[in-house]
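Colleague: Just so we're aligned, residue 265 is where the sequence shown starts under this note's numbering, counting upward by one. Even for Gly, the Cβ is constructed at its ideal location relative to N, Cα and C. Provided herewith is a single structure, encoded as structure tokens, for subsequent inquiry.
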Amino acid sequence: MKKRWIFWWICNIFWMAVFVMGTALVWLRDVDGAGVTQTPELKLIAFIVLLIAFIFPFIIQVVWLIVNLKTGSSK
């Protein structure tokens, strides 16, 4: 069981790091890949899109947490 928890934490740290780097990229850039100057409104829209993209991995991590908790409490 310990290996599952370690892997779960490693995956959480990975997704957190990717999200933080993506957020930093969105908020610190002045011009996007298409050459459009980024205003605060456009940065907010890009951040919301990033949040929507990370909903799926978040749901998987929550389900994985519940499975780990259920299998750990049944023993």
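Short check: CB of residue 295 to CB of residue 301, under 8 Å?
Modeller: Here the question's residue 295 lines up with position 31 in the sequence shown. Here the question's residue 301 lines up with position 37 in the sequence shown. Yes, these two residues count as a Cβ contact at 8 Å.
Colleague: Who are residue 295's beta bridge partners in DSSP?
Modeller: By one-based count along the sequence shown, residue 295 stands at place 31. Looking at the DSSP assignment, residue 295 forms a beta bridge with 301.
Colleague: In its own chain, which residues sit with a C-beta less than 7 Å from the C-beta of residue 268, not counting the 5 before and 5 after it?
Modeller: Indexing the sequence shown from 1 puts residue 268 at position 4. So the list reads 332, once near-sequence residues are dropped.
Colleague: Does the beta-carbon of residue 284 have 16 or more other beta-carbons within 10 angstroms, so that it is buried, or is it exposed?
Modeller: By one-based count along the sequence shown, residue 284 stands at place 20. Exposed, because fewer than 16 other Cβ atoms sit within 10 Å of the Cβ of residue 284.
Colleague: Straight-line CA distance for residue 280 to residue 327?
Modeller: By 1-based counting over the sequence shown, the position of residue 280 is 16. By 1-based counting over the sequence shown, the position of residue 327 is 63. Each residue's Cα considered, the two are about 17 Å apart.
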